[in-house]
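S.K.: Please read through the structure below; I'll follow up with questions.
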Amino acid sequence: MHNRDFYLGAATSALQIEGSLSADGSGKSSWEVFAAKPGNVFNNDTPTFACDHYRRYEADLDLMSELGIEMYRFSTAWPRIFPQGYGAINQKGLDFYARLIEGLLKRGIEPMLTLYHWELPQALQERGGWANRDVAKYFADYAGIMLERFGDRVKYWITHNEPWVTTVLGHLEGVHPPGSKDFSLASQVAHNLLYSHQLVWNRFQELSLPQGQLGIALNLSPIQGGSNQPEDLAAAARYDAFLNRWFLDPILKGTYPEEMCALWREHGVSYPLERMEELQAGTVDFLGINYYTRNLVKGWDGKDDSGDDLLRLAQMPPELAVTEMGWEIYPAGLYELLTRINQENKDLPLFITENGAAFADQVEADGQVKDERRIEYLREHLAQVRKAREEGVKVQGYLAWSLFDNFEWAFGYDKRFGLIYVDYPTQKRIIKKSGYWYREQIRRKNENG
Ligand code: FCB
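The opening residue of the sequence shown carries number 916 in our numbering; numbering runs sequentially from there.
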């Protein structure tokens, strides 16, 4: 018996696993172009082959069945559907996702479809990317096609994956495409991402899909100040506005956080301030939370070079053990986030749309991957989810990042997050010990009802 008040599943994204980037008439994405430029990705790795999932998806679906995965979150690549970003539909791109969705449903796996996991058609990047308002409209058109085509079979939809990352890593820190470092541009991009979400929300309402649920996946992180000194607490509040509420508030309350507005006024950025009215409150049926770590910050007076000029704060080193990403392992943070969101938005349905850890996994002489630390990480985080649920927080699912080791953006293939190990040269898959452990958790959950 499946107990599907609460799903246990796994997540991936298209570029990170598919490979075959130009197959069947697909256009190029901005990530493909960015990764091809030497120096942008660790080891100059590229997503060209990744996990070869585009060709091996049937066998991969069988692996999901073997693990007992109940929900699978994946993304569709916009350039496969609209090679130029808009205009003529590429039917073969749609067909691939139709086969994937059929394969999931046939195996009793609930699909959760992310429309944008950072793959902007390069043709649109060349026209200004997300800074161009037209791109928001093209996104809504692409979303509309996907909803019309798959809305009868896919119940859970996500517009954007981590729009903060597109904004900050792509346009402020310059480590993701398009590689810009400009706060004003980043603020405009953030607004247009939110505006595009609003447009898709509107379209979703018009279509009135009887079972459909629309959400967004935000990377959230509890922020703690270095001490109880006022300057540290103020720094923590500013960072919370920047990292969490920049996207949370518009989506849930229809406003930007006061700290962001102050920052825009201070820097003469008017674009988001002038357009706040076009964002409505409550534009999700559920909120997706991607959780990995917490952030510790303290006030910074600008007298040395340890801090951040824009936010006037300094990041503090982790206090606890870290993963291969250098991210501090802080399971209680997941409970803190869930209860906070629930307090502020009573009974909003929540999904953990990503949670997981990178470790330096190795295949041992007996052919197994014994990733005990990942099991520990998952166990501890799942316990926090359970605690929140027992207290009445409406968490409807937990999706481990990731089903497979895959192309970890600017870190290339160096970081392994999977429940399933991928040996890239041979494309052999090995279910890690954590994968078998996870299967057991799913089995037990359903046994206990
Ligand atoms: C998230 C991304 C996901 C993956 C994990 C480790 O920010 O959404 O694609 O890279 O981090």
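Note that beta-carbon positions come from the ideal geometry of N, C-alpha and C, so glycine has one too. Because the structure is a prediction, the values reported are computed rather than measured.
1) Per DSSP, residue 1027 forms a beta bridge with which residues?
2) Hey, quick one: how far does the alpha helix (DSSP H) through residue 1162 stretch, first residue to last?
3) Which value, in whole angstroms, describes the spacing of the CA atoms of residue 1099 and residue 1024?
4) Between residue 856 and residue 1230, is the Cβ-Cβ spacing less than 8 Å?
5) For residue 1338, report the span of its beta strand (DSSP E) as first-last.
6) The alpha helix (DSSP H) spanning residue 1014 covers which residue range?
7) Can you grab the Cα-Cα spacing for the pair residue 1055 / residue 1101, in whole Å?
8) Out of 1299, 923, 1312 and 949, state which residue places its alpha-carbon closest to the alpha-carbon of residue 1084.
9) For residue 972 and residue 942, which I take to be in contact (beta-carbon distance under 8 Å), what is that distance rounded to the nearest angstrom?
10) Using the rule of at least 16 other Cβ atoms within 10 Å of the residue's Cβ for burial, across every protein chain shown, is residue 1037 buried or exposed?
11) In the DSSP assignment, find the beta strand (DSSP E) that holds residue 981 and state where it starts and stops.
12) Who are the near neighbours of residue 1064 in its chain, counting only those whose CB is closer than 7 Å to its CB and skipping five residues on each side?
13) In the structure shown, what three-state DSSP assignment does residue 1081 receive?
14) Would you please state the rounded distance, in angstroms, between the beta carbons of residue 1082 and residue 1105? I believe it to be under 8 Å.
15) Report yes or no: do three or more beta-carbon pairs, one from the segment 1212-1228 and one from the segment 1146-1159, lie closer than 8 Å?
16) When the Cα atoms are used, what is the spatial distance from residue 1441 to residue 1222?
17) Taking DSSP's pairing of strands, which residues face residue 1313 in a bridge?
18) Which term fits residue 1193, buried or exposed, when burial requires 16 or more other beta carbons within 10 angstroms of its beta carbon?
19) With a threshold of 8 Å, are at least 3 pairs of Cβ atoms found where one atom belongs to the segment 1298-1307 and the other to the segment 1280-1289?
20) Quick one: what's got a C-beta closer than 7 Å to residue 1163's C-beta in the same chain, skipping five residues either side?
21) What residue from 1236, 1117 and 1297 has the CA that sits closest to residue 1369's CA?
22) Using the C-alpha atoms, what's the distance from residue 1325 back to residue 957?
23) For residue 1032, is the classification buried or exposed, using 16 other Cβ atoms within 10 angstroms of its Cβ as the cut-off for buried?
24) Can you round the beta-carbon distance between residue 1318 and residue 1334 to whole angstroms, since I take them to be within the 8 Å contact cut?
25) Rounded to whole angstroms, what is the Cα-Cα separation between residue 985 and residue 1217?
26) Can you tell me the Cβ-Cβ gap for residue 925 and residue 1196, rounded? I've got them flagged as a contact below 8 Å.
27) Taking 8 Å as the threshold (C-beta atoms), are residue 963 and residue 936 in contact?
28) Do the CB positions of residue 1368 and residue 969 come within less than 8 Å of each other?
29) I'd like the list of long-range same chain contacts for residue 1016, defined as Cβ closer than 7 Å, with 5 residues on each side in sequence excluded.
30) Indicate the three-state DSSP secondary structure (helix, strand or coil) for residue 1212 in the structure shown.
31) Are the Cβ atoms of residue 1321 and residue 1029 separated by less than 8 Å?
32) Expressed to the nearest angstrom, what Euclidean distance is found between the alpha-carbon atoms of residue 1182 and residue 959?
33) According to the neighbour-count rule (16 or more other Cβ atoms, all chains shown, within 10 Å of its Cβ), is residue 1143 buried or exposed?
34) Could you please give the first and the last residue of the uninterrupted beta strand (DSSP E) stretch that includes residue 1343?
35) From residue 1348 to residue 990, what does the alpha carbon distance come to, in whole angstroms?
36) Can you tell me which of the three DSSP states residue 1147 falls into?
M.R.: Judging by the given coordinates:
1) Numbered from its first residue, the sequence shown carries residue 1027 at position 112. Partner(s): 988 and 1071.
2) As a working note, residue 1162 is residue 247 in the sequence shown. Looking at the DSSP string, the run of the alpha helix (DSSP H) that includes residue 1162 is 1161-1168.
3) By 1-based counting over the sequence shown, the position of residue 1099 is 184. By 1-based counting over the sequence shown, the position of residue 1024 is 109. If I take the Cα positions, the gap works out to 42 Å.
4) Since the first and last residues shown for the chain are 916 and 1364, residue 856 lies out of range.
5) Residue 1338 sits at position 423 when you count from the first residue of the sequence shown. It spans 1335-1338 - the beta strand (DSSP E) in which residue 1338 sits, taken as one unbroken run.
6) Reading the sequence shown from its first residue, position 99 is the one you call residue 1014. It spans 1006-1021 - the alpha helix (DSSP H) in which residue 1014 sits, taken as one unbroken run.
7) The residue you call residue 1055 lines up with position 140 of the sequence shown. The residue you call residue 1101 lines up with position 186 of the sequence shown. About 20 Å.
8) The count along the sequence shown starts at 1 and reaches residue 1084 at position 169. The residue with the shortest Cα to Cα distance from residue 1084 is 949.
9) Position 57 of the sequence shown, counted from the start, is the residue given in the question as residue 972. Position 27 of the sequence shown, counted from the start, is the residue given in the question as residue 942. Their Cβ separation, rounded to whole angstroms, is 20 Å, which puts residue 972 and residue 942 out of contact at 8 Å.
10) Counted from its first residue, the sequence shown places residue 1037 at position 122. When all chains shown are included, residue 1037 counts as buried.
11) Counted from its first residue, the sequence shown places residue 981 at position 66. Looking at the DSSP string, residue 981 is not in any beta strand (DSSP E); the run it does join, the alpha helix (DSSP H), is 968-982.
12) For the purposes of this step, residue 1064 is taken as residue 149 along the sequence shown, with counting starting at 1. So the list reads 1009, once near-sequence residues are dropped.
13) Within the sequence shown, residue 1081 is the residue found at index 166, counting from 1. It is helical.
14) Along the sequence shown, one-based indexing puts residue 1082 at 167. Along the sequence shown, one-based indexing puts residue 1105 at 190. Indeed, because the Cβ distance is near 4 Å, the residues count as touching under 8 Å.
15) yes
16) Only positions 916 to 1364 of the chain appear in the structure, and residue 1441 is not among them; the question remains open.
17) Walking along the sequence shown from the start, residue 1313 turns up at place 398. In DSSP, residue 1313 forms a bridge with 923 and 1267.
18) As a working mapping, residue 1193 is identified with position 278 in the sequence shown. Looking at its Cβ environment, which holds fewer than 16 other Cβ atoms inside 10 Å, residue 1193 is exposed.
19) no
20) Reading the sequence shown from its first residue, position 248 is the one you call residue 1163. Once the five neighbours on either side are set aside, the close Cβ partners of residue 1163 are 1133.
21) Outside the modelled stretch of the chain, which goes from 916 to 1364, sits residue 1369, for which no answer is possible.
22) Here residue 957 refers to the residue found at position 42 when the sequence shown is read from its first residue. Here residue 1325 refers to the residue found at position 410 when the sequence shown is read from its first residue. Their backbone Cα atoms lie some 6 Å apart in a straight line.
23) Counting from 1 along the sequence shown, the entry for residue 1032 is found at position 117. Its Cβ being crowded by 16 or more others within 10 Å, residue 1032 is buried.
24) Your numbering for residue 1318 matches position 403 in the sequence shown. Your numbering for residue 1334 matches position 419 in the sequence shown. The pair is a contact, with the Cβ atoms about 6 Å apart (cut-off 8 Å).
25) Stepping through the sequence shown from its first residue, residue 985 is reached at position 70. Stepping through the sequence shown from its first residue, residue 1217 is reached at position 302. In a straight line, the C-alpha of residue 985 is about 50 Å away from that of residue 1217.
26) For the purposes of this step, residue 925 is taken as residue 10 along the sequence shown, with counting starting at 1. For the purposes of this step, residue 1196 is taken as residue 281 along the sequence shown, with counting starting at 1. Not a contact, Cβ separation roughly 32 Å.
27) Reading the sequence shown from its first residue, position 21 is the one you call residue 936. Reading the sequence shown from its first residue, position 48 is the one you call residue 963. Against a cut-off of 8 Å, the Cβ pair of residue 963 and residue 936 comes out as a contact.
28) Any question about residue 1368 goes unanswered here, given that the chain covers just 916 to 1364.
29) Walking along the sequence shown from the start, residue 1016 turns up at place 101. Around residue 1016: 1026, 1065, 1068 and 1069.
30) Position 297 of the sequence shown, counted from the start, is the residue given in the question as residue 1212. Residue 1212 falls in the strand class under three-state DSSP.
31) Sequence index remark: in the sequence shown, residue 1321 carries index 406 (1-based). Sequence index remark: in the sequence shown, residue 1029 carries index 114 (1-based). Not a contact, by the Cβ cut-off of 8 Å.
32) Position 267 of the sequence shown, counted from the first residue, corresponds to residue 1182. Position 44 of the sequence shown, counted from the first residue, corresponds to residue 959. If you take the alpha carbons of residue 1182 and residue 959, they lie about 36 Å apart.
33) Within the sequence shown, residue 1143 is the residue found at index 228, counting from 1. When all chains shown are included, residue 1143 counts as exposed.
34) For the purposes of this step, residue 1343 is taken as residue 428 along the sequence shown, with counting starting at 1. For residue 1343, the enclosing beta strand (DSSP E) stretches over residues 1343-1346.
35) For this step, residue 1348 is matched to residue 433 along the sequence shown. For this step, residue 990 is matched to residue 75 along the sequence shown. Using only the alpha carbons, I get a separation of about 26 Å.
36) Counted from its first residue, the sequence shown places residue 1147 at position 232. In this structure, residue 1147 counts as helix in the three-state DSSP scheme.
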